[in-house]
Every structure is written in C-alpha cells, then in structure tokens.
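Numbering of the sequence shown is given in this note's numbering, commencing with residue 78 and proceeding in unit increments. The structure under discussion appears below in the form of structure tokens.
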Amino acid sequence: MKKLYIAVLIMIMAAPIMTNAQGCVEPSSEEGIQLFGYLQAEYKLVSNGELGAPENFAENSFYFNRARLGAMGNIPYDVSYYVLTEFSPTKEGPYILDAFITWHGLGPWAKISVGQFKSPFGLELSTGCHLLNTINRSAVVSNLAQPFRDMGVMLSGGTDSLSIFGLKKKDIFTYKLAILNGSGLNKEDADKYKDVAARLVFSPFDFIALATSYRTGKSVNSDPSVTTPDKRTRFGLDLDFNYNNFILQAEYINGKDEGTIFVGDGGCGGELTPMPGTAEKKGYMVQALYMTPWNLQPVVKYESFDVDIDAEFDKVNTLTFGFNYFINEWTRLQVNYLYNVEESSETVIANYKEFPNDMFLVQLQVIF
Numbered sequence: 078m079k080k081l082y083i084a085v086l087i088m089i090m091a092a093p094i095m096t097n098a099q100g101c102v103e104p105s106s107e108e109g110i111q112l113f114g115y116l117q118a119e120y121k122l123v124s125n126g127e128l129g130a131p132e133n134f135a136e137n138s139f140y141f142n143r144a145r146l147g148a149m150g151n152i153p154y155d156v157s158y159y160v161l162t163e164f165s166p167t168k169e170g171p172y173i174l175d176a177f178i179t180w181h182g183l184g185p186w187a188k189i190s191v192g193q194f195k196s197p198f199g200l201e202l203s204t205g206c207h208l209l210n211t212i213n214r215s216a217v218v219s220n221l222a223q224p225f226r227d228m229g230v231m232l233s234g235g236t237d238s239l240s241i242f243g244l245k246k247k248d249i250f251t252y253k254l255a256i257l258n259g260s261g262l263n264k265e266d267a268d269k270y271k272d273v274a275a276r277l278v279f280s281p282f283d284f285i286a287l288a289t290s291y292r293t294g295k296s297v298n299s300d301p302s303v304t305t306p307d308k309r310t311r312f313g314l315d316l317d318f319n320y321n322n323f324i325l326q327a328e329y330i331n332g333k334d335e336g337t338i339f340v341g342d343g344g345c346g347g348e349l350t351p352m353p354g355t356a357e358k359k360g361y362m363v364q365a366l367y368m369t370p371w372n373l374q375p376v377v378k379y380e381s382f383d384v385d386i387d388a389e390f391d392k393v394n395t396l397t398f399g400f401n402y403f404i405n406e407w408t409r410l411q412v413n414y415l416y417n418v419e420e421s422s423e424t425v426i427a428n429y430k431e432f433p434n435d436m437f438l439v440q441l442q443v444i445f
C-alpha cells in the first residue's frame, strides 16, 4: 500500500508542460498540468491441443494487461515534463515507466530530454501501447528491441517546415539520438558502458513513412574471468503506410550478440542457457488493416522470428487475425487469434519442435 501512496504522490507533485513526442500522448493545451491514462482489461486462452474442460487449456485467465496513469505539462520557459506510472497488479505495479524532462529552447529542430523514456528504436516499440494494431507486439520486437525503456539523455527533432526535395510537407525528416545506461527500466548502470540508440524517419507524404533504427552497447560478461565485454548490436527497417482507411505496416530487425549468447529452444518457448559465442538473430512482421464504415477494423498480421540464423529448427512463425471495434473515441475492443508454428524437422523426432500453443486474446481498452 505504501508503494501505491508514493506513486500517487509522484503523479500529483509532477506539476506544469507541453510533452515531448517521446511520450505516449500529447497534451491538449500548452498550460498547466494534464492528467491522462488508460486501462486494458484482457482475457487470455492458450491451447494445449485439446478442447473441452478448463483444465485442458495451458492458460485461461482474466487480468489487467495495463493500468496506467500519467501527468504532463509545461513550465515557462521552454521546459516540459512527462511522467507515466504502471498500476496493474499483474505487472507488479505500481512503478514508474516514463519520467523525463525536456528542454525546447532550440525550437523544432532539436530538443533535449533527460530521464527515463522509451528507447528510440523501431515502429512497434515507438507506438504507444494504447495505439497498437494488435494486442501484443511482434515477437521480434519483444526479443530484439529490449530494453523497451532506459535511463539516459536524448536529442530529438525534425526539419519542421523546411522544404526538401521540393516537398512542402512538415517534418519530412525526424530523428532521435539517445545515450542510455543499457540496464533497462528503473535501473542504474551496472557498469561503465553506455548504449547508443538512434532512429531516423523519412516521411515525404502524410500517408507514408520509412524509417531505420540502430542500437549498440556493451556490458560486463557474467563470467568474472572474461575481461572482454559482451556486445549487442541491433538494426531495423520499417514502413508505415496509411491511406484511405487502409493501413499497411512492416518491420524488420536484425541483431547480433557477441560474448555471451543464449542457446536452446527459446524461440519455441523453451529455456535458454547462457554460453560464450556469437549469435545473429532476425525477424520481421507485416500487418494489414482496413477501417470499415461500421467502426470495425479487421486485422491480419504475419510475423517470423529466428533466435539464431546459424542454427536449425529454432524459428517461430505466427499468423494473427482478428478485429478492432471502436465503441467510441475513447473505448476499443480488440479480438486476436494467434496461430503459432514452430520450425521442425519432419524426419528427426528430436528436432520436432511444434507444440500446441495457439492463443486467443480479447482486450477492452478505455482511454481517459
């Protein structure tokens, strides 16, 4: 209960600003404090290959996926703040998700944020959780874009109204460049190394954006006898196309781990064992949506994640299909069915990795 009181007190004390776009939402005015949040009540059913009684399912549960409350605003002059807290008991809340201060003194060309914020990497990670087109992010994002949030300093901005290539659109190019601890959410740096993450978006027209992302960092090896640090490198490309109620999105991420790698059936939901070496991972997702006149938006998504491109039978492919129904401007119902296929050998039984783990998800979201 004490944690809850502390979290609420932080929200109240976080007063006056115009938020940095790194946050999930933007304020409705430039003055004073603005409170915001959203709830995501969810139902999950995971198959174990049999139907019938509840005991025949691997998971069958109602829970809060997210229960978030935030505050943002501006302080004269050229200073803004943003705070977001997770309260969901199933996420072991409450705890701080985002808390950063931004200086806007250089105008739209460059602003500086200091604190804890989302890592500037990828399309789905950059999308607020309440705006995701499917209930879950893709496996490649969940695995290769970690840590989602980190502490550090970030420079961000755009070209504003500058005409480029004869185009008159605002912010044809936007960028983010961050220096981060590399330790993740609410953690001090565990060593002397820092991560560098960057994202560049090219949007020549309102209906299309092409982007690339990069992140690299080092960390101390878990084996004290090894003096060479581990190294992680991530590279991503993504596309966002939105025209006449039709949305097409695609994202590709490649990752390389050097020093300590994890082997096993992790790509298939099994345990991973750390060992020295080098591993390259990759994956992608493609999804399409169409908004009908009845506020019903069918969605189809295909994704693939390979936990080690040099190893066999560790790739997982997932087909997600379902719909989003917008009850009103603030309330959305999402229904997803995930059909998971593990890469397997058809002749060697030891390499047969397919197992029943299809998933049915329903989420009701309200924004306030």
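Don't be surprised by glycine CBs; every beta carbon is placed ideally from N, CA and C.
Exercise. Among all the DSSP beta bridges, which residues are the ones paired with M149?
Worked result: Here residue 149 refers to the residue found at position 72 of the sequence shown. Per DSSP, Q111, Y159.
Exercise. So what does DSSP say about P353, is it helix, strand or coil?
Worked result: For the purposes of this step, residue 353 is taken as the residue at position 276 of the sequence shown. Here P353 sits in strand by DSSP.
Problem set entry | CA-to-CA distance, K359 to Y482, given in whole angstroms | This structure leaves residue 482 out entirely; the chain is present only between 78 and 445.
For this session: Give me whichever residues DSSP pairs with T167 in a beta bridge.
Result: Looking up residue 167 in the sequence shown gives position 90. BP columns for T167 are empty, so no partner.
Problem set entry | Inter-stretch contact (C-beta, 8 Å, three-pair minimum) for the segment 286-296 and the segment 191-201 | yes
Problem set entry | Residues bridged to A187 [DSSP beta-bridge criterion] | As a position in the sequence shown, residue 187 is number 110, starting the count at 1. In the DSSP output, where bridge partners are listed per residue, A187 has none listed.
Problem set entry | For N220, the first and last residue of its enclosing alpha helix (DSSP H) | By 1-based counting over the sequence shown, the position of residue 220 is 143. Note, N220: alpha helix (DSSP H), 216-221.
For this session: Starting from the Cα of F194, find the closest Cα among Y159, L221, S165, T211 and give me that residue.
Result: Taking the sequence shown and counting its residues from 1, the one referred to as residue 194 is at position 117. If we check each option's Cα against that of F194, Y159 comes out closest.
For this session: Would you check if the segment 318-338 and the segment 353-372 touch, i.e. whether three or more CB-CB distances between them fall below 8 Å?
Result: yes
Exercise. If you count every other CB in all the chains shown that lies within 10 Å of the CB of Y115, and 16 or more means buried, which is it?
Worked result: Here residue 115 corresponds to residue number 38 of the sequence shown, with the count starting at 1. It counts as buried.
Exercise. Of the choices M352, D383, I386, N401, whose alpha-carbon is the least far from that of M368?
Worked result: Here residue 368 refers to the residue found at position 291 when the sequence shown is read from its first residue. The shortest Cα separation from M368 among M352, D383, I386, N401 belongs to N401.
Exercise. In terms of residues, what are the limits of the alpha helix (DSSP H) holding S302?
Worked result: Taking the sequence shown and counting its residues from 1, one reaches residue 302 at position 225. Here S302 belongs to no alpha helix (DSSP H), and DSSP marks it neither H nor E.
Exercise. Apart from the five residues just before and just after M88, which ones in its own chain have a Cβ nearer than 7 Å to its Cβ?
Worked result: Your numbering for residue 88 matches position 11 in the sequence shown. Only weak support exists for where M88 lies, its pLDDT of 38 falling under 50; the value from the coordinates is given anyway. Once the five neighbours on either side are set aside, the close Cβ partners of M88 are L146, A148, V160, T162.
For this session: Counting only the same chain and skipping the five closest in sequence on each side, list residues whose C-beta sits under 6 Å from that of F403.
Result: Numbered from 1 along the sequence shown, position 326 holds the residue referred to as residue 403. Once the five neighbours on either side are set aside, the close Cβ partners of F403 are N372, R409.
Problem set entry | For G234: DSSP bridge partner residues | Locating residue 234 in the sequence shown gives position 157, where the first residue counts as 1. The partner list for G234 (beta bridge, DSSP) reads Y252.
Exercise. Whose CA, out of N434, L325, W407, lies closest to the CA of V393?
Worked result: Counting from 1 along the sequence shown, the entry for residue 393 is found at position 316. Nearest option by C-alpha distance: N434.
Exercise. If you drop the 5 nearest sequence neighbours on each side, which residues of the same chain put their C-beta closer than 6 Å to that of A327?
Worked result: The residue you call residue 327 lines up with position 250 of the sequence shown. Correct list, in chain order: L316, V363.
Exercise. The ligand FAD heavy atoms versus the CB of G184: any closer than 7 Å?
Worked result: The ligand FAD is not among the ligands present in this structure, which contains no ligands whatsoever.
For this session: Let me know if T305 comes out buried or exposed under the rule of 16 or more other beta-carbons within 10 Å of its beta-carbon.
Result: Walking along the sequence shown from the start, residue 305 turns up at place 228. Looking at its Cβ environment, which holds fewer than 16 other Cβ atoms inside 10 Å, T305 is exposed.
Exercise. Would you report the Cα separation of G184 and G192, rounded to the nearest angstrom?
Worked result: What you label residue 184 is simply residue 107 of the sequence shown in a count that begins at 1. What you label residue 192 is simply residue 115 of the sequence shown in a count that begins at 1. Each residue's Cα considered, the two are about 20 Å apart.
Exercise. What span of residues does the beta strand (DSSP E) with L200 cover, start to end?
Worked result: Your numbering for residue 200 matches position 123 in the sequence shown. Where L200 is concerned, there is no enclosing beta strand (DSSP E), although the alpha helix (DSSP H) it sits in stretches over 200-203.
For this session: Please classify L208: does DSSP put it in a helix, a strand, or coil?
Result: Your numbering for residue 208 matches position 131 in the sequence shown. Helix, per DSSP.
For this session: Can you grab the Cα-Cα spacing for the pair P351 / T337, in whole Å?
Result: Stepping through the sequence shown from its first residue, residue 351 is reached at position 274. Stepping through the sequence shown from its first residue, residue 337 is reached at position 260. Looking at the two C-alpha atoms, the distance is approximately 6 Å.
For this session: Counting only the same chain and skipping the five closest in sequence on each side, list residues whose C-beta sits under 6 Å from that of G294.
Result: One-based indexing of the sequence shown puts residue 294 at position 217. G259, D272, R309, listed in sequence order.
Problem set entry | Three-state class that DSSP yields for S105 in the structure shown | The residue given as residue 105 occupies position 28 in the sequence shown. With a pLDDT of 48 at S105, under the threshold of 50, the predicted position of this residue should be treated as unreliable, and no value is reported.
Exercise. Using the beta-carbon count (16 or more within 10 Å), is M78 buried or exposed?
Worked result: Within the sequence shown, numbered from 1, the residue matching residue 78 stands at position 1. Interpretation of M78 is limited by its pLDDT of 42, a score under 50 that renders its predicted location unreliable; no figure is taken from the coordinates.
For this session: Whole angstroms is fine: what's the gap from R143's alpha carbon to N417's?
Result: As a first step, residue 143 is located in the sequence shown; it is residue number 66 there, counting from the start. As a first step, residue 417 is located in the sequence shown; it is residue number 340 there, counting from the start. Computed Cα separation, rounded: 24 Å.
For this session: Would you kindly check if the distance between the Cβ of M231 and the Cβ of L254 is under 8 Å?
Result: The residue you call residue 254 lines up with position 177 of the sequence shown. The residue you call residue 231 lines up with position 154 of the sequence shown. For L254 and M231, yes; Cβs fall inside 8 Å.
Exercise. Among S238, N298, P171, S190, which has the Cα closest to the Cα of T179?
Worked result: Mapped onto the sequence shown, residue 179 falls at position 102. When each option's Cα is compared against that of T179, the closest is S190.
Problem set entry | Buried/exposed call for I241, threshold 16 Cβ in 10 Å | Numbered from 1 along the sequence shown, position 164 holds the residue referred to as residue 241. It is exposed - the Cβ of I241 has fewer than 16 other Cβ atoms within 10 Å.
Exercise. Exposed or buried, what is V484 when buried is set at 16 or more other beta-carbons lying within 10 Å of its beta-carbon?
Worked result: Any answer about residue 484 is impossible in this case: the structure gives the chain only from 78 up to 445.
Exercise. At what residues does the beta strand (DSSP E) containing E380 begin and finish?
Worked result: Here residue 380 refers to the residue found at position 303 of the sequence shown. Start and end: 373-383.
Exercise. Per DSSP, which one or two residues make a beta bridge with K407?
Worked result: Within the sequence shown, residue 407 is the residue found at index 330, counting from 1. First, the amino acid is wrong: residue 407 is Trp here, not Lys. W407 pairs with nothing; no bridge assigned.
Exercise. Going along the chain, which unbroken runs of the beta strand (DSSP E) with 3 or more residues stay wholly within the segment 262-286?
Worked result: 272-282
Problem set entry | Opening and closing residue of the beta strand (DSSP E) in which D175 lies | The residue you call residue 175 lines up with position 98 of the sequence shown. 172-180 is the span of the beta strand (DSSP E), which, as asked, contains D175.
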